[in-house]
Ligand code: DL6
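Numbering (this note's numbering), first residue to last: 320 to 1142.
Following this line, the structure appears as structure tokens:
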């Protein structure tokens, strides 16, 4: 029985004013006349929380009372974006808050700007996790998100002379009004040490048990965040863990009088949740990263068992109560951790424990690049988590027996499938461990799941075909349409009602509007207003000028060679060259502004070179009197969720140009289509499904297909042949090589040029001509604004499938088998 709840206030303007002033005076400790913008923002955030609080308490209580099957999403990253507006729309409070603030002489828009977004993720994978928890709450699914409360999120990107410079992200500096610390629920996490065998008497039998004798410990303190569903009374929880030194640790050292050592020990422990690793596709053999991974899953499993299950719960039944979804391999160390809890702490027999464990985990793979599949050197894992390594060995032994039995002792197959790699060093293959343990393994788009089955995990798919499934990614329509694009939202709602916000398939009802000239006109008006809003935003933020009336051609995503920002910039160079050399009359060019947004992992030298190239080309293009009349390059630094929300609704053209077979899904591609941009893209990731749905006529396809690219690679790809045979390509590359964009210095971009000519792993040169042809088709189409906007409206109407609500339904049907709670 829980105590009666104090209910949240009913929304009214006067009530809101009262709550707000109370927060400002009593919590923030200031008065309106002297309050800083940050004071006003913090008071507003706390006021909004009041209105969600009783829903949150009620949802939590209901979960504890009814013990439904829950989804526990384990993710090392959540790229949340700003919280204020999302909380306001979820609680249906935007108007009340804005009127209330206006009556106090405050503009809500000014306070929005004061919020620093928590950048607790690198890119698509972390943003996907944030979309998923939003959808789970909106669908009233009992769910909890577990992750890490990094003190420093993804680095802030700056450009100095066009080159990326990273700065720390002090996102907590001004206070974080959306979190609730619960030190009383701290969890102790152990590391290091050794294992030992002890004998125990169980009844008449003497049994041998292994025990872990850890070397050191840290504490995990949970911070809870509300995850409000959209106007449905449900508020789920996101629980992020922060590391603290154990008290015993520093006290002991203090007693010896070594103050400096005590502080060092504390720093050592707290480093675990200090900073987000700024890598998203290349594993780093970093000890601290493995510490982070184990830290957060150990806290989360302990928390789920101790806090969310009733006392005395029979853990044999755990699979009835939870599915732990492993978001990529980062949380996979949870598998041996659960085995350790069941076998070592709960006294389960190995087989019993394995059955429970296999029933509790499911694994999502998010990559196709072999180098992005995480492996941990056995030496490191054994030093940090000796008991877990033993458990992994035993899982592997039993698994390999199964492989031998089913394959007639095919030792080559055994080596390929083993959880332990032998070369170049002994290491644990986390994707293999996840696949062996999981009830289901899914890819994130149809093509990706097929390639997982056929290539990356083919041996496993042959052994267990029924384990493999697909769930195509999705994005939340609340943040990426309703909030980010109020103009389009209003237009849609006026046409088909507001049900689309939680049932995005309803966008189909817009299809007939594509043929209505008046609707198309208003659609164009919305796009134009969004471009104006973007222009103002970039002017204020970066001093970047976006000319009115140009096609907005946008490529925003992490900087990675496989995504091929190089192909886009070579297109820009080609346009520049044609105009400067007089082969193209600027009058014949559709004016366009090419916008880039991309962070490069700090250790990824080639990606940083490409950023330099884009900025240097941009400077030359923008400074050229003739070229800049029809072509501009804009590269605002520090692309993040907040920038995305202003940029995507303004875009005309969405660049999704990875080499086919390399991008697992992409989710930016979905956001653009939903906001009425047309895609120029390869047959890769979710582009395939986008094109199928929006129709060939409304999508600019180019490039090799995955089987074609594989065949080219197989036959021995020679990029220089394309350079030799294509004069347009040759001119573009020669310009870069000759130093046209680097003040005549040929050395500056030499690594890019020689990489493209010598290796070009992602076949930029092979796809170059096809890409130029597609861009010609784009130009032709854009010259007819009415036909373009018809295609854009059809993109919106036919993209409802890409709601993360649909992704959640697919996970529920195919993997989780959990049910929504009664509203
Ligand atoms: O599934 C979310 C997102 C996909 O949309 C991208 O295509 C994919 O590149 C990204 N994967 C990663 C890989 N990280 N690791 N490991 O970020 O996932």
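Idealized CB from N, CA, C, for every residue including glycine.
Item, Value
"Quick check: the stretch 1023 to 1035 against the stretch 1062 to 1077, are at least 3 beta-carbon pairs closer than 8 angstroms?", "no"
"Let's see if you can read the secondary structure: which residues bound the alpha helix (DSSP H) around residue 1053?", "1046 to 1057"
"I think residue 919 touches residue 878, with their Cβ atoms under 8 angstroms apart; what is that distance to the nearest whole Å?", "4 angstroms"
"Report the residue ranges of all alpha helix (DSSP H) runs contained in full by the stretch 757 to 797; include only those spanning at least 4 residues, in chain order.", "765 to 770, 777 to 782"
"Closest to residue 552 by C-alpha separation, out of 408, 882, 396, 1080, would be which residue?", "408"
"Near residue 1010, which residues of its chain fall below 7 angstroms by C-beta distance, leaving aside the five closest residues on each side in sequence?", "1018, 1020"
"Would residue 974 and residue 874 qualify as a contact pair, given that the criterion is a beta-carbon distance under 8 angstroms?", "yes"
"Taking the alpha carbon of residue 785 as the point to measure from, which residue in 777, 792, 791 has its own alpha carbon closest?", "777"
"My output table needs one value for residue 749: the three-state DSSP class, helix, strand or coil.", "helix"
"Less than 8 angstroms between the C-beta atoms of residue 765 and residue 795, yes or no?", "no"
"Between 996, 1066, 479, 908, which lies nearest to residue 1095 when the distance is taken from Cα to Cα?", "908"
"Comparing C-alpha positions only, which one of 949, 1089, 922 sits nearest to residue 904?", "949"
"Residue 960: beta carbon under 7 angstroms from a heavy atom of ligand 1?", "no"
"Counting along the chain, where does the alpha helix (DSSP H) carrying residue 679 start and finish?", "669 to 679"
"Closer than 8 angstroms is the cut-off here; do at least three beta carbon pairs connect the stretch 458 to 473 with the stretch 376 to 395?", "yes"
"Can you check which of these residues, 484, 433, 387, is closest to residue 494 by C-alpha distance?", "433"
"When you compare the CB positions of residue 1119 and residue 824, do they come within less than 8 angstroms of one another, or not?", "yes"
"Residue 917 and residue 958: beta carbons closer than 8 angstroms?", "yes"
"Going by other Cβ atoms of all chains shown within 10 Å of its Cβ, with 16 needed for buried, is residue 294 buried or exposed?", "Residue 294 lies beyond the range of the chain shown here (320 to 1142); nothing can be said about it."
"May I have the straight-line CA-CA distance separating residue 445 from residue 608, to the nearest angstrom?", "16 angstroms"
"By how many angstroms is the C-alpha of residue 326 removed from the C-alpha of residue 368?", "12 angstroms"
"Cβ of residue 776 versus every heavy atom of ligand 1: is any distance shorter than 7 angstroms?", "no"
"I'd like to confirm the pairing. Which residues does DSSP put opposite residue 642 in its beta bridges?", "390"
"Check this for me: beta carbons of residue 1116 and residue 842, under 8 angstroms apart or not?", "no"
"Confirm, please, whether the CB-CB distance from residue 961 to residue 436 is below 8 angstroms.", "yes"
"How about residue 798 and residue 1086: are their beta carbons less than 8 angstroms apart?", "no"
"By DSSP's criteria, residue 544 is part of a beta bridge. Which residues make up the other side?", "498, 557"
"Which residues does DSSP pair with residue 455 in a beta bridge?", "Note: residue 455 sits in no beta bridge, so no partner."
"State the DSSP-derived secondary structure class of residue 510, mapped to helix, strand or coil.", "strand"
"Would you say the beta carbon of residue 857 comes nearer than 7 angstroms to a heavy atom of ligand 1?", "no"
"If you scan the stretch 581 to 634 from start to end, which runs of the beta strand (DSSP E) of 3 or more residues do you find wholly inside it?", "none"
"Helix, strand or coil for residue 1137, going by three-state DSSP, please let me know.", "coil"
"Quick check: the stretch 756 to 770 against the stretch 671 to 683, are there 3 or more CB pairs under 8 angstroms?", "yes"
"So, residue 893 versus residue 1091, is the Cβ gap smaller than 8 angstroms?", "yes"
"Would DSSP call residue 477 helix, strand or coil?", "strand"
"With residue 692 and residue 648 assumed to form a contact (beta carbons below 8 angstroms), what rounded beta-carbon distance in angstroms separates them?", "7 angstroms"
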